[in-house]
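Count the sequence shown with UniProt numbering and you get residues 1 to 121, in order. Glycine included, every Cβ here is placed at the ideal spot set by N, Cα and C. These notes concern the structure reproduced below.
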Amino acid sequence: MFYGFAATAVLVVHLGFIVFVLFGGLLATWRRWAIAIHLPAAAWGFAVEATGTGCPLTPLENALRARAGMARYEGGFIEHWLLSVIYPEGLTRDTQYALAGTVIVFNVLVYAWVFGRRKGK
């Protein structure tokens with residue numbers, strides 16, 4: 001039971017991290033210290049997508065699922081849990097490049113807005 005709970009916890013953390021990579025810059029509008037945490041997280045998210053390497057949370061989750069007697073899944077977190085919702089036909093390198101670009105463009109826009117707003121005050 002512990003390993004099943006731990007696998008689910010890793011899954012939730014993984015999803016939370018992805019959301020933070022995309023939207024964590026918005027915390028800077030509220031708490032400036034969030035920048036110091038978000039920029040390295042966004043850089044990691046960009047690097048994982050741009051290089052096609054897997055996130056270390058996926059093998060950890062799979063190991064925990066195996067210890068719990070749950071079915072392991074093939075591929076990475078995005079392919080297994082999110083791809084069918086976001087990209088039903090499969091994850092390609094071009095899609096990964098697009099995701100990496102989305103991380104950069106979205107966060108550049110957020111930080112431009114945050115710093116532009118702070119400059120105006």
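Extent of the continuous alpha helix (DSSP H) to which P56 belongs: Counting along the chain, P56 sits inside no alpha helix (DSSP H), nor does DSSP assign it H or E at all.
Heavy atom of the ligand MG within 7 Å of T53 beta-carbon: Inclusion of the ligand MG in the displayed structure is not the case, the ligand content being empty and no account of it being possible.
Three-state secondary structure assigned by DSSP to G101: Annotated three-state conformation of G101 is helix, per DSSP.
Residue from V103, F2 and V13 whose Cα sits closest to the Cα of L57: V13
Which of helix, strand or coil DSSP assigns to G69: coil
Contacting residues, own chain, Cβ-Cβ under 6 Å from V114 (five flanking each side not counted): A28 and T29
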